[in-house]
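Enquirer:
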Amino acid sequence: MRNSQGPRPRAGSCVSTRGDSPAVPISAAIAAGLAPDGGLYVPQHLPTLDPSVFDLHGSLADTAITLLAPFFAGDALADALPAICAEAFTFDAPLRALPAHPHSLMLELFHGPTSAFKDFGARFLAACLRRLSRADARALTILVATSGDTGAAVAAAFHRQPNVHVVILYPDGLVSPRQAHQLGCFGDNVTALRVAGRFDDCQRMVKASLNDAELQQAVPMSSANSISLGRLLPQMSYYAHVALGWWREHGTPLNFIVPTGNLGNAMACLWVREMGLPVGEVRLACNANATLPDYFAGNDYRPREALATLANAMDVGAPSNFERLRWTYPDEAQLRHLLHARSVDDDSIRSTIATHARDHDEVFCPHTATAMHALDRLRADGDNSPWAIVATAHPAKFDSVVEPLVGHSIPVPAALAAMLARPAHAEPIPADDPSLSARLRRDGKNSD
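Residue 60 in the numbering used here is what sits at position 20 of the sequence shown, and the numbering runs on without skipping anything.
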């Protein structure tokens, strides 16, 4: 593992997963989004923390400050970190028991303004970028590829922020109707582009633009996808917070089942464990896009075209954060031993949602249902360990899927209802890199 090899480098320094870019301060890595060599920024060193350094009665924001302080040591953002965390973590991530089994729990990450776990990272990133001075007086364009939830979270975090333009790319027709409405309901400094392709096309287009040096000169850009370290690091906080709480009460590590497509949320959980905090086993729940389950079953890593599923926010055939996973665990045999991934098809998602609603009065979104299905299989095999499934989005965002299965309407959170009441608009764009480049150049000229 990278945090145990060689001498300890300077705190707050970040390097590229591809190794061909110089180390930079963490604030520079957050501002850039992607490294110059096309790799993803990672901390040069994952610090080790003892559970005793955390406030026994601290809030989620307090946990985040303690957890993230070593990453920002000596950085331009170090003094502002408490304020950044206070701005980002204004809502809870409760861990509650599920009735299906005494040691089954659910970590609810959908209590933010857009009803998805992406709110934590997007708000943290926005709070960081607000505090970073830029030599370039031109507006910064934040590029976002979304398979459903990321775009709305980023739009909400940056909406009406001065000197920032958010451009969201999403696969047309492959997100839920309410997700699509969220993406197009902001206006002002937020532009939604509906791409005639899949999420992997959106992700490729964003990466190509960020890697285009000439385009960067014309239109200053950064990213707010999970390729951004400023998105991933804060997501570690809720895992640390609930794992520490469980460990103090029960004296054992807490295991997690993380629904995942692009691997960002799962990487956050794994890094918390690498830092020495009481996270036990981590398992990945995927939809029918089996790139990761096939790899962990012993096959070669083979990205492929994404399939459209009910759990659309996880419709990823080429997960970007696999680079971070391999960087963290360079020994492939060790990596395959440490992780397990299960693929859950649409029929199993439907069955899981319907069964738990009928038998336990629990309603899951399709993504959370993949984790619940994986936990049901563990219980059927006799596993009685403490497991927390990660609930990544509120089921009301997927009413067209969930409500027919549970037989009743799902109450809509107030913030989501307010977004759905606004008009929404998204512009069509082909799934090719030159089309996005031309659009960005045009917007850049109009903002001069």
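Virtual Cβ for every residue (Gly too), placed ideally from N, Cα, C.
(1) Which value, in whole angstroms, describes the spacing of the CA atoms of H377 and F362?
(2) Nearest-angstrom Cα distance between P463 and M315?
(3) In chain order, what residues of the same chain have a beta carbon less than 8 Å from the beta carbon of I124, not counting five sequence neighbours either side?
(4) For P83, write down the residues that DSSP places opposite it in a beta bridge.
(5) Within the continuous alpha helix (DSSP H) that includes L273, where are the two ends?
(6) Considering only their Cβ atoms, is the gap separating L107 from S360 smaller than 8 Å?
(7) Using the beta-carbon count (16 or more within 10 Å), is V61 buried or exposed?
(8) Count the other CB atoms within 10 Å of the CB of A409; is the residue buried (16 or more) or exposed (fewer)?
(9) Do you know offhand how far L284's Cα is from F150's?
(10) Bridge partners of T231, per DSSP?
(11) Looking only at its chain, what residues have a beta carbon closer than 8 Å to the beta carbon of D416, apart from the 5 residues adjacent to it on each side?
(12) So what's T103 in DSSP terms, helix, strand or just coil?
(13) Leaving out five residues on either side along the sequence, give the residues of the same chain with a beta carbon under 7 Å from the beta carbon of F438.
(14) Please report the distance separating the alpha-carbon of F94 from that of L86.
(15) So, T349 versus D386, is the Cβ gap smaller than 8 Å?
(16) Quick check: the region 225-232 against the region 248-257, are there 3 or more CB pairs under 8 Å?
(17) Is F296 helix, strand or coil by DSSP?
(18) Quick one: complete beta strand (DSSP E) runs, 3+ long, within the region 111-156?
(19) Can you check the region 341-395 for any alpha helix (DSSP H) of at least 4 residues that lies completely inside it and give the ranges in chain order?
(20) In its own chain, which residues sit with a C-beta less than 7 Å from the C-beta of R482, not counting the 5 before and 5 after it?
(21) Would you decide whether Q243 is buried or exposed? Buried here means 16 or more other CB atoms lie within 10 Å of its CB.
(22) Identify the continuous alpha helix (DSSP H) that holds G320 and give its terminal residues.
(23) Extract the residue ranges of the beta strand (DSSP E) inside the region 412-445, only unbroken runs of 3 or more that lie entirely within it.
(24) Under a Cβ-count criterion, where at least 16 other Cβ atoms within 10 Å of its own Cβ denotes burial, should R200 be classed as buried or exposed?
(25) In angstroms with no decimal places, state the Cα-to-Cα distance between P122 and R174.
(26) Should T181 and V259 be called a contact, given that it needs their Cβ atoms to be closer than 8 Å?
Expert: On the basis of the data shown:
(1) The straight-line gap from Cα to Cα measures roughly 16 Å.
(2) 45 Å
(3) L117, F164, A167, C168, R171
(4) C54
(5) 269-290
(6) no
(7) Note on identity: in this sequence residue 61 is Ser, with Val being the wrong assignment. That one is buried.
(8) Residue burial annotation: A409 is buried, with at least 16 other C-beta atoms found within 10 angstroms of its C-beta.
(9) 20 Å
(10) V207
(11) A140, T392
(12) helix
(13) S216, C405, P406
(14) 17 Å
(15) yes
(16) no
(17) strand
(18) 135-137, 144-148
(19) 362-368, 372-378, all fully within the region 341-395.
(20) none
(21) buried
(22) No alpha helix (DSSP H) contains G320, which is instead part of the beta strand (DSSP E) from 319-326.
(23) 427-431
(24) exposed
(25) 22 Å
(26) Contact: yes.
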